[in-house]
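Structure record follows, encoded as structure tokens.
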Amino acid sequence: MYTEEEINLITLCSFEELTYKQRFTLLSDLTRAEPDFVKYGEILIKTCGDGVYNKVKDKFFSRTYREKILSKLNGRGIKCVTYFSKAYPENLKNIPCPPITLFCKGNVNLLKERCFAVVGSRKTPPNIIKECKTAANSLSQYFTVVTGMADGADTAAIEGALPSGKIISVLAYGFDHVYPALNENLLRKVEKSGLLITEYTPQIPPLNYNFPVRNRIIAGLSEGVLVVSGGRKSGAKITAGYALEYNRRVFAFPYSVGVESGEGCNQLIREGAALARNTLDVLSDFGLNFNPPPKPELTEEEAEILKLIKNEGEAFAPSVAEKLGKLPFQIIPALSSLEIKGMITRLGGNRYAALK
Amino acid sequence: MLSKITSFALNGLEGVPVEVETDINKGMVSYDLVGLPDTAVKESKERVRSAIKNSALYFPVNKITINLAPADIKKEGSHYDLPLAISILKAGDQLTAETDGIVFLGELALDGSLRPVAGILPILISAKTKGYVNFIVPAGNANEASYIEGTKVFAMQSLRDVIDLLTGECSFSPVEHRSFKATQSAQQYNYDMSLVRGQKVAKRALEIAVAGGHNILLAGPPGTGKTLLARCIPTIMPDMTFEEALEVTKIHSVAGSLTEEGIVSMRPFRTPHHTATTVSLCGGGNTKIRPGEISMAHKGVLFLDELPEYTRHALESLRQPLEDRVITVTRAGGAITFPADFMLCASMNPCPCGNYGSAYLTCSCTPAQVHKYRSKISGPLLDRIDLQVEVDGIKYDDLAGESHEETSAQVKERVEKARAIQRERYRGESILVNANMGEKQIKKYCRLSAECEEILRTAFETLHLSARARSRIIKVARTIADLAFSEEIKPGHILEAASYRSYDSSGT
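Chains as they are written, first to last, in this note's numbering: chain A, 2 to 357; chain B, 55 to 562.
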């Protein structure tokens with residue numbers, strides 16, 4: 002099942018005493034060293050000092066401990082893809098601090114596909130949520146969509162890509178936990194038809210400092226990153242930062258001035274990220290063909306209303322009616338029809354926004 | 055000597071005849087009241103004694119035994135004072151006039167004057183159906199009693215007057231019958247649709263809701279006029295018929311909350327606070343079962359402001375009465391059914407901070423918070439709320455132009471026309487309005503064209519509607535069609551109906 006090398010890494014990852022840095026030093030030594038048990042001892046002492054070595058050495062060399070770890074993981078249906086595994090994605094190997102072991106649930110083959118990250122903030126406006134869903138859906142024609150598991154943009158990206166099954170959700174905690182609790186169903190769905198990965202052993206709970214660290218995996222896995230929303234200080238921006246560092250393409254949705262949840266996107270564009278109006282912009286950058294779905298037929302009234310809403314980006318239903326010289330309830334059917342056709346979306350309080 | 059006087063007991067809204075039998079014997083001086091009297095009835099002894107003495111009459115010093123028959127039902131309330139006094143006087147031969155066939159009701163003050171009591175109207179109505187015609191009631195209940203035709207009601211000031219009336223020493227004229235229409239036109243609502251500026255979408259939804267008898271949920275940021283809108287609902291509802299008014303008055307009479315007017319001629323608007331308990335909403339009580347808020351809102355509006363703040367238990371208890379339009383309150387003492395045919399209007403903020411959907415303020419709630427807030431209202435309850443409307447989260451000063459606002463009377467006219475269409479359609483059925491349609495009637499009266507079916511199908515796909523939203527949308531579409539005098543449901547009607555479902559496709 003697993004090779005001896007892989008088991009070494011899995012065992013290594015099971016020690017919470019070791020920091021990532023220590024594990025990574027071990028890993029880099031291991032790549033050079035012969036897979037010889039005696040040598041591990043030397044390496045461990047050299048890098049971690051006697052204290053840690055004494056704590057972990059017995060376990061590290063113990064057959065029963067190793068078997069226990071593996072059977073635990075197997076029992077939970079967790080597959081491990083280690084740095085030494087064939088399934089380990091090349092893209093990840095090239096980043097400066099690759100995860101040593103990826104704990105996976107779901108379709109591991111997705112790791113070998115072309116990946117593209119779609120990320121955004123939890124406070125994404127309703128119309129961008131819809132855009133994000135559409136974008137993830139069309140991107141999944143060519144790429145496996147990589148994202149997190151948070152509310153808002155992440156959820157939308159997952160929902161968009163889920164029908165094709167080409168979705169990787171990178172978690173920042175172990176498989177024993179579900180976060181956010183509201184997304185439990187979604188998490189199970191991804192597990193069933195897509196892939197869940199995490200570098201953390203099952204018992205690690207969601208800890209706030211792990212989320213930015215997790216973002217490097219999202220950026221590392223992907224050929225490019227699309228940032229759909231993000232404030233001045235947002236996780237999506239951190240992902241984009243990693244992506245730039247790793248030499249990946251970064252795309253961002255443009256926002257109008259003053260929209261708080263889009264300030265990060267605009268800043269990224271200012272700093273050189275590519276402006277993406279839609280999926281077409283992204284795919285053409287990669288030289289890929291994309292046929293946008295045919296636009297639904299609109300009646301004259303609908304077209305007129307859509308134009309009015311588009312002029313301002315978002316509009317208040319009674320104001321639209323006033324401009325058309327009608328009573329608000331007279332345009333409700335048309336608004337409803339536009340909504341059903343996926344041309345506009347509600348923002349709450351009888352305000353509507355046009356979708357691209 | 056033995057005397058028998060007729061009075062009435064109330065069992066819920068139903069009056070039951072009670073015989074007050076008094077026997078005065080020689081023996082140890084005593085006063086025994088038997089036949090399941092409650093505390094208020096037992097205490098009547100002291101009131102009766104003083105009232106008789108202060109009416110220049112004589113309270114017998116003998117062994118007095120009084121029985122309230124039938125002996126197996128509980129006698130509650132203070133209206134037995136008068137029959138007890140008359141019965142004692144008659145048994146003591148101080149009063150020899152004929153009292154057969156007269157129903158006595160009233161509470162006595164120590165000086166012998168009569169005080170008004172609760173529940174006169176329901177007693178009068180039941181007594182009339184049981185063949186009683188003559189009544190003697192306190193003067194304070196005269197208005198309430200004046201609406202029942204075919205009865206002869208004497209509203210008396212004091213015990214002395216009652217004696218004089220019975221002996222014929224003085225002549226009194228019975229309470230004059232009053233027509234319902236006159237009182238109705240005399241009263242006016244304090245609110246009007248024209249007072250609400252803007253909110254055109256919500257107003258339209260209210261019109262639909264009232265026209266089809268649908269329940270409605272108003273969602274929007276705080277301070278946008280949700281409560282004001284709700285207060286306008288009674289003003290656009292069709293006028294109450296006399297039968298409806300009597301039904302409502304019966305309940306209010308039992309609850310003892312009737313005003314000077316004596317009849318409830320305006321549709322009730324009840325706003326229980328969100329700390330209301332299940333019992334206060336549904337009705338109940340230890341010995342005497344009293345109607346709850348939902349029965350007090352019978353034929354009117356029950357307005358639940360800040361819906362998610364109510365306890366889950368209280369909200370869930372509304373489900374069954376919303377369906378059956380009556381509530382059966384069961385206690386150890388028995389079960390009583392109160393009518394509860396009300397229109398539910400609820401309001402809520404879109405999220406805990408209230409700014410979701412506001413054009414000016416940013417919502418600071420996490421999606422989990424919003425979800426938790428909204429999920430306080432259970433699916434089955436939302437199921438019974440056909441229209442879920444967002445009120446505008448916008449300042450009207452920002453809108454250009456002086457907008458013309460319709461008055462309630464104009465809206466009411468349209469509502470009445472739509473109601474007339476429904477009355478015609480449901481002739482012979484057990485329902486009155488579109489909202490009450492069951493699956494069978496939906497199939498019969500709401501045939502959809504292929505185009506409408508197609509719209510519904512796409513709407514379900516793209517808007518992620520739940521399966522139960524379907525019949526709601528169709529029912530509302532039926533009402534919209536009725537408002538437009540359209541025999542068939544057109545695509546536009548379905549589309550409009552589909553837009554009033556803000557809380558169905560949650561999160562998308």
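C-beta: ideal position from N, C-alpha, C; glycine also. Keep in mind that this is a model prediction, so the values were computed, not measured.
Does residue i come within less than 8 Å of chain B when only Cβ atoms are used?
i	result
A/N351	yes
A/E261	yes
A/E340	yes
A/L336	yes
A/A173	no
A/A355	no
A/L325	no
A/T215	Rather than Thr, the amino acid found at residue 215 of chain A in this sequence is Arg. Chain B, which has no Cβ nearer than 8 Å to the Cβ of A/R215, makes this no.
A/D155	no
A/R189	no
A/F212	no
A/G242	no
Based on the DSSP secondary-structure assignment, which residues constitute the bridge partners of residue i?
i	result
B/F323	B/V355
B/G337	B/P345
A/S223	None; A/S223 has no bridge partner.
A/R250	A/G225
B/D395	B/D395 pairs with nothing; no bridge assigned.
B/M55	Partner(s): none; B/M55 has no beta bridge.
B/A63	B/V70
Grab the span of the alpha helix (DSSP H) containing residue i for me, first residue to last.
i	result
A/S72	64 to 76
B/D437	433 to 437
A/F330	329 to 341
A/G12	Reading off the sequence shown, one finds Thr at residue 12 of chain A, where the question assumed Gly. Its alpha helix (DSSP H) spans residues 5 to 14.
B/D77	No alpha helix (DSSP H) holds B/D77; the beta strand (DSSP E) holding it covers 68 to 79.
A/Q268	264 to 271
A/S139	127 to 140
B/E298	296 to 308
State the Cα-Cα distance for the pair residue i and residue j, rounded to the nearest angstrom.
i	j	result
B/T562	B/K280	Residue confidence for B/T562 is low, a pLDDT of 34 falling below 50, so the modelled location carries little weight and cannot support an answer.
B/L369	B/L358	10 Å
A/G153	A/I270	21 Å
B/D563	B/L300	Absent from the structure is residue 563 of chain B, since the part of chain B shown begins at 55 and ends at 562.
B/V355	B/P545	31 Å
A/L281	A/E272	22 Å
B/R479	B/S540	13 Å
A/I130	B/F296	54 Å
B/T382	B/L372	12 Å
A/S141	A/G231	22 Å
A/I120	A/E200	Reading off the sequence, residue 120 of chain A comes out as Val, not Ile. Taking the straight line joining both Cα atoms gives about 19 Å.
B/R344	A/Y180	49 Å
A/I11	A/C81	7 Å
A/A237	B/A256	38 Å
B/V216	B/P393	35 Å
B/S560	B/G433	Unreliable positioning characterises B/S560 in this predicted model, as indicated by a pLDDT of 46, which lies under 50. The coordinate reading is nonetheless provided below. For B/S560 and B/G433, the distance between alpha carbons rounds to 11 Å.
B/C224	B/P170	22 Å
B/L510	A/S338	10 Å
A/G78	B/H425	31 Å
B/A105	B/E298	38 Å
A/C105	B/A284	54 Å
With a cut-off of 8 Å, does the C-beta of residue i fall near any C-beta of chain A?
i	result
B/V255	yes
B/D28	The structure shown does not extend to residue 28 of chain B, since chain B is modelled only from 55 through 562, so no value can be given for it.
B/A386	no
B/P276	no
B/Y410	yes
B/E505	no
B/S553	yes
B/H425	yes
Over what stretch of residues does the beta strand (DSSP E) that includes residue i continue unbroken?
i	result
A/R347	345 to 349
Within the present structure, is the beta-carbon of residue i separated from the nearest heavy atom of the ligand ZN by less than 7 Å?
i	result
A/A88	The ligand ZN is not among the ligands present in this structure, which contains no ligands whatsoever.
Alpha helix (DSSP H) runs contained entirely in the region 101 to 173 of chain B, provided each spans 4 or more residues: Correct list: 135 to 145.
Continuous alpha helix (DSSP H) assignments of at least 4 residues falling wholly in the region 466 to 501 of chain B: Here the runs fully enclosed are 493 to 499.
Ranges of the alpha helix (DSSP H) found wholly within the region 274 to 325 of chain A, counting only runs of at least 4: 280 to 286, 301 to 313, 318 to 325
Inside the region 154 to 187 of chain A only - alpha helix (DSSP H) runs reaching at least 4 residues: Counting whole runs of 4 or more residues, the region 154 to 187 of chain A contains the alpha helix (DSSP H) stretches 154 to 162.
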